[in-house]
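Here the sequence shown is numbered in our numbering, starting from 25 and rising by one per residue.
For each residue, glycine too, the CB sits at the ideal point set by N, CA and C.
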Amino acid sequence: MPPWGVFLGTWSLDLWALALIAAAGGLYGWGLVRAAAAAGVRWPAWRAAAFYVLGLGLYAFVNLGFLGTYSPQLRWAFSVRIAMMLFVVPAGLALGLPVSLARQTMRPGRLRTFLAAAARRPMDLFANSAVAPVVGLVVLSMMLTPLAGISRLSPTLEGLLTLAIPLLGLLMVLPMVEEKTRVSTALIMLQFVFAFIELLADAAPGLVMRLTPNILDGAGALTGPVPGWFPDALRDQQLGGDFLWFIAEIMDLPVMILLFVRFSTSDKGERKILDELTDEQMDDLNAAHLHLRD
Numbered sequence: 025m026p027p028w029g030v031f032l033g034t035w036s037l038d039l040w041a042l043a044l045i046a047a048a049g050g051l052y053g054w055g056l057v058r059a060a061a062a063a064g065v066r067w068p069a070w071r072a073a074a075f076y077v078l079g080l081g082l083y084a085f086v087n088l089g090f091l092g093t094y095s096p097q098l099r100w101a102f103s104v105r106i107a108m109m110l111f112v113v114p115a116g117l118a119l120g121l122p123v124s125l126a127r128q129t130m131r132p133g134r135l136r137t138f139l140a141a142a143a144r145r146p147m148d149l150f151a152n153s154a155v156a157p158v159v160g161l162v163v164l165s166m167m168l169t170p171l172a173g174i175s176r177l178s179p180t181l182e183g184l185l186t187l188a189i190p191l192l193g194l195l196m197v198l199p200m201v202e203e204k205t206r207v208s209t210a211l212i213m214l215q216f217v218f219a220f221i222e223l224l225a226d227a228a229p230g231l232v233m234r235l236t237p238n239i240l241d242g243a244g245a246l247t248g249p250v251p252g253w254f255p256d257a258l259r260d261q262q263l264g265g266d267f268l269w270f271i272a273e274i275m276d277l278p279v280m281i282l283l284f285v286r287f288s289t290s291d292k293g294e295r296k297i298l299d300e301l302t303d304e305q306m307d308d309l310n311a312a313h314l315h316l317r318d
């Protein structure tokens with residue numbers, strides 16, 4: 025592992041990452057100004073801080089700092105970078121509620137209608153609880169194939185991943201954070217089941233990387249002089265598996281907590297509605313339920 029001075033003091037220029045930071049930060053800032061001026065909405069400061077610090081700030085650290093600089097040479101740096109962009113960075117961005125901010129600031133018209141229509145289908149797709157476990161497993165399983173080595177060593181492919189991975193992660197988390205409609209406790213329980221499946225599935229790629237005695241990404245050995253703290257190829261892969269497993273599992277816990285909070289709120293609401301029903305209404309409801317079951 026690198027010394028702390030090397031880890032914290034290593035920085036490099038990544039034009040792909042800078043382009044996304046400038047675009048996302050500029051649009052969100054424009055939305056904040058427009059919401060305050062035109063709509064009279066004062067956006068919570070903590071949400072703006074989450075978007076810029078936990079989202080874009082962490083994204084900049086991951087791609088411009090040590091992890092982005094040494095990603096082509098170190099498997100574990102590449103693995104940590106991908107996992108952070110897929111799970112951690114999108115969580116910070118989603119806390120800023122960018123979709124809700126866009127609704128507050130965009131005037132009704134053709135542009136708003138077009139953007140809403142274009143975003144509806146992917147949002148509906150990723151709102152399905154069964155999609156996120158599959159997407160996360162597919163992306164992390166890339167580390168077990170030569171595609172990981174090709175992407176890590178190709179500046180173009182690595183740049184495309186720099187843009188695509190956080191956007192994909194954002195699609196995975198936005199429907200849960202931005203969802204405003206009430207859902208039944210039965211649906212939330214189903215989401216619990218899929219979240220538990222995701223908790224187990226996300227561990228698989230990291231475990232395989234940690235336990236496999238062969239190099240999985242097919243990349244050759246490094247040439248030329250390397251720092252003394254560089255691990256050998258197998259240890260490099262094992263470290264990547266350890267970090268991948270840890271980050272994926274830790275980021276599943278907030279999802280479980282959020283689902284528990286939503287379950288508690290929904291259950292209280294349903295019990296309040298039932299408590300307000302008269303005996304006659306309860307009898308009618310039970311009769312209708314038994315009729316449907318028949």
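Item: Would you report the Cα separation of Ala47 and Val112, rounded to the nearest angstrom?; Value: 19 Å
Item: Excluding five sequence neighbours on each side, which residues of the same chain lie with their C-beta closer than 8 Å to the C-beta of Thr205?; Value: Since pLDDT at Thr205 reaches only 48, below the 50 mark, its modelled position is unreliable, and no value is offered.
Item: Can you tell me whether Arg131 is helix, strand or coil according to DSSP?; Value: coil
Item: Just the Cα atoms here: how many angstroms apart are Met166 and Val197?; Value: 20 Å
Item: Going by CA-CA distance only, name the one from Pro249, Leu98 and Thr129 that's closest to Ser175.; Value: Leu98
Item: Specify, as a first and last residue, the run of the alpha helix (DSSP H) that Asn238 falls within.; Value: Segment: none, Asn238 is in no alpha helix (DSSP H) and carries neither H nor E.
Item: Please state the DSSP three-state secondary structure of Thr137.; Value: helix
Item: If you measure between the beta carbons of Leu119 and Val65, is that distance less than 8 Å?; Value: no
Item: Which two residues bound the contiguous alpha helix (DSSP H) that contains Ala59?; Value: Leu39 to Ala61
Item: How long is the line joining the alpha carbons of Leu161 and Leu88, rounded to whole angstroms?; Value: 26 Å
Item: Which of helix, strand or coil does DSSP assign to Trp70?; Value: helix
Item: Going straight from the alpha carbon of Asp256 to that of Pro96, what length do you get?; Value: 15 Å
Item: Run the CB neighbour count on Gly79, radius 10 Å, all protein chains shown included, and call it buried at 16 or more, exposed below.; Value: buried
Item: Measuring alpha carbon to alpha carbon, tell me which of Trp67, Leu268 and Thr186 ends up nearest Arg127.; Value: Trp67
Item: Measure the alpha-carbon distance for Trp253 versus Pro27 and round it to whole angstroms.; Value: 8 Å
Item: Starting from Met167, follow the alpha helix (DSSP H) in both directions and report where the run begins and ends.; Value: It is not in any alpha helix (DSSP H) - Met167 carries neither H nor E in the DSSP assignment.
Item: Mark Ser325 as exposed unless 16 or more other C-beta atoms lie within 10 angstroms of its C-beta, in which case mark it buried.; Value: The question about residue 325 has no answer, for the chain in this structure spans 25 to 318.
Item: May I ask you to report which of helix, strand or coil DSSP gives Thr34?; Value: coil
Item: Relative to the C-alpha of Pro199, which candidate in Ser124, Gly49, Ala107 and Ser36 has its C-alpha closest?; Value: Ser124
Item: With a Cβ-Cβ cutoff of 8 Å, do Trp100 and Phe267 count as a contact?; Value: yes
Item: Check each candidate in Leu91, Gly29 and Gly50 and name the one with the smallest Cα separation from Leu37.; Value: Leu91
Item: Within the continuous alpha helix (DSSP H) that includes Ser103, where are the two ends?; Value: Arg99 to Ala107
Item: Using 8 Å as the Cβ pair cut-off and three pairs as the minimum, do the region 234-244 and the region 143-159 touch?; Value: no
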